[in-house]
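Chain order of the listed sequences is S and C.
Last residue of the first sequence? That's 278 in my numbering, and every number before it is there in order.
Last residue of the second sequence? That's 556 in my numbering, and every number before it is there in order.
For reference, the structure discussed in these notes is given below.
2 protein chains.
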Amino acid sequence: MPVPSTFLRVACCQLRPQFGAVVRNRELVRDAVRSAAAGGARLIVLPELCTTGYVFTSAAEARSLAQPAAGGALDDWIEEANRSDTVIVGGFAEVDERGALRNTAAVVDGSGVLAVYRKAHLWDSERDVFEAGDDPPPVVQTPVGRIGVSVCYDLFFPEMTRRLALDGAEIVVVPTNSPRTVAGIAAGQHIGVSIARAVAHVNRVFVAVCDRWGEERGQEWVGRSVIVDPAGGLMAGPPGEGAAILLADCDLATARDKRCPGASNDALGDRRPDLYGP
Amino acid sequence: MPVPSTFLRVACCQLRPQFGAVVRNRELVRDAVRSAAAGGARLIVLPELCTTGYVFTSAAEARSLAQPAAGGALDDWIEEANRSDTVIVGGFAEVDERGALRNTAAVVDGSGVLAVYRKAHLWDSERDVFEAGDDPPPVVQTPVGRIGVSVCYDLFFPEMTRRLALDGAEIVVVPTNSPRTVAGIAAGQHIGVSIARAVAHVNRVFVAVCDRWGEERGQEWVGRSVIVDPAGGLMAGPPGEGAAILLADCDLATARDKRCPGASNDALGDRRPDLYGP
């Protein structure tokens, strides 16, 4: 499929990592990245914690599997990005320069690691394992566009995604692990998709949520990967359970135009900081 | 239907106001309020600008139909609220104490006007007619609960609804007029419902959007009223086009608990103002 010249083909690789199987997961990621690149993708998004799996029973167990960003964990990604001239964003368990464990997303291209972002809003028992990040989410200028990064539960904090939009993100990419049950939500109404659509629309940005699927230590994951346009419309997904590579052709220039089509409004310019702060 | 004692039955009266027909619209509202009250509702929400219709061609035309909040516009509502021991929230075209035209929502009970809120984010050509409000959205302590008020496009500014939640709103009520077309959104994906669900979930509040339906001077309205629970689940609606009275029994106490069920998280307490401001 040819990609229109001003468009960026984005892929979300919905995988099923196997807990603790670092070598197997590395192969799984490599194969998915190659498939996405063969499909024309130039921005490839992977799930949260895709090198290790998610359900750590202790910090010690996580530490035994975590890797530094500058170590081997991302070498494969850089090599694949280099082979395919792509940008890859994915989540991994990081041990940082201070020795702290982090739930981290990295942005890499063929030249190396462009940015790491450490999840600022930790979900549930993640706090028994990881330290929350201390830095604002980055907007990374890459060869394919300006990429804002969040991880999973971060997306539930509209202040965070607004920050990314104000900082110029054209697409917000969100490595994610969505658990099956969010109490109180009926089947078919998984809230993550609504939140991704709302974030896209109110900020006029693309949003690419890359989820995982499958079961891990009794926890099921639902496979709610989506790619959303700046109006909040679904371009791809959610596929539900099962391996999937979502592809969507995103004209990132449209995310630099904050006007609401057909109206004289501006999603960022219409804000009223006088009423609710910056 | 008996309402569990700790629950509040909420109604959204999805009406079709007729442009400029103030007397007819008053009767329409009165009948809907009586139906909702007969159905057990104690909080009754009406659409935006339901006394006049929406599609003003000039400020002069709006001025000829607008009324002061202290004038006759709300007397009917107060009388109906008194008869039925309800709280009514709805939108009307207001001429304020300075003579400025406002797109206003009022909260009334049988004792009178509890609060007015003037829409802060004006949509499209509303700016040719109205002045935007200068005051933060109110959280009104009423006999039925703590009600946060927004109007239509306000809901697209997550800073505003976050403010309402931080100020203690248990339910955010949103008199609304949703136009048929938001460019770029496919049929069945109207973004307003996703945004209402996202607002509810990320703030752990109930959200009641009362929309209108029908056509007015060539503008069609889609009827996307919804009542959403604090998990983001749909309790009622959207009905689509046609007159409808949505009813839902809301246990407002659940909106005072910001924990995410099944996790050790807190929707407001987990915020990171150090990363993105208050």
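The beta-carbon is built from N, C-alpha and C at its ideal position, and this holds for glycine as well.
Between C:C328 and C:G368, the gap from beta carbon to beta carbon is short of 9 Å. C:R424: not part of any alpha helix (DSSP H); member of the beta strand (DSSP E) spanning 423-427, first to last residue. Setting aside the 5 residues that flank it on each side, C:A315 is surrounded in the same chain by S362, T364, each with a C-beta closer than 6 Å to its C-beta; the list follows chain order. For C:Y554, the nearest beta carbon of chain S is closer than 9 Å to its own beta carbon. Close to S:S264, with beta-carbon spacing below 8 Å, are these residues of chain C in chain order: D402, S403, R405.
Excluding the 5 residues flanking it on each side, C:L343 has same chain C-beta neighbours closer than 7 Å at G298, V300, T330, A371, in chain order. Taking a Cβ-Cβ cut-off of 9 Å, the neighbours of C:I473 in chain S comprise S194, R197, A198, H201, V202, G232, given in sequence order.
Of all residues in the region 148-166 of chain S, only F156, F157, P158, E159, M160, R162, R163 come within less than 7 Å of chain C when Cβ atoms are compared, listed by chain position.
In the DSSP assignment, C:Y395 is bridged to C:A383.
About 19 Å separates the beta carbon of S:R197 from that of C:I505, a gap too long to meet the 8 Å contact definition.
When Cβ pairs closer than 8 Å are counted between the two stretches, the region 259-273 of chain S is seen not to touch the region 239-247 of chain S, the count staying below three. Under the 10 Å beta carbon count, C:A338 is surrounded by fewer than 16 other beta carbons and is classified as exposed. In the DSSP annotation of this structure, the continuous segment of the beta strand (DSSP E) that includes C:D527 starts and ends at 522-528.
DSSP lists S:G145 as the beta-bridge partner residues of S:T142. Approximately 5 Å separates the beta-carbon atoms of S:V139 and S:G148; this is inside 8 Å, confirming the contact. Three or more Cβ pairs closer than 8 Å define a contact, and the region 530-540 of chain C meets that threshold against the region 477-485 of chain C. If you draw a straight line from the Cα of C:R490 to the Cα of S:M235, it comes to about 29 Å. Looking at the DSSP output, C:W499 sits in a beta bridge with C:P457, C:G492. Contacts with chain S at 9 Å (Cβ-Cβ) do not include C:R424. As DSSP reads the structure, S:R9 sits in a beta bridge with S:D249. When the five nearest sequence neighbours on each side are left out, the beta carbons in the same chain lying within less than 6 Å of the beta carbon of C:G515 are those of S503, V504, L524, in order along the chain. In terms of Cβ geometry, S:V129 and S:A62 form a close pair [threshold 9 Å]. The residue from S:P230, S:D135, S:G277, S:V172 with its alpha-carbon nearest to that of C:L442 is S:G277. Counting every other CB atom within 10 Å of its CB across the protein chains shown gives C:T335 a total below 16, marking it as exposed.
At a Cβ-Cβ threshold of 9 Å, C:V323 and C:P453 count as neighbours. DSSP places C:L306 within a helical segment (H, G or I) once states are collapsed to three. Look at S:D154 here: in three-state DSSP terms it is helix. Going by C-alpha positions, S:W77 is about 14 Å away from S:P68. Using a Cβ-Cβ cut-off of 7 Å, C:D548 is close to H121 of chain S, given in chain order. In this model, S:R272 and S:A169 are separated by some 21 Å (Cα to Cα).
Where C:V333 is concerned, there is no enclosing alpha helix (DSSP H), because DSSP gives it neither an H nor an E.
According to DSSP, residue pairing for S:D266 in a beta bridge involves S:R259. Contact annotation: in the region 47-59 of chain S, no residue has its CB less than 9 Å from a CB in chain C. In the DSSP assignment, S:L65 falls within the unbroken alpha helix (DSSP H) covering 59-65. Collapsing the DSSP output to three states places S:A93 in a strand. When DSSP reads this structure, S:V228 sits in a beta bridge with S:V207, S:L234.
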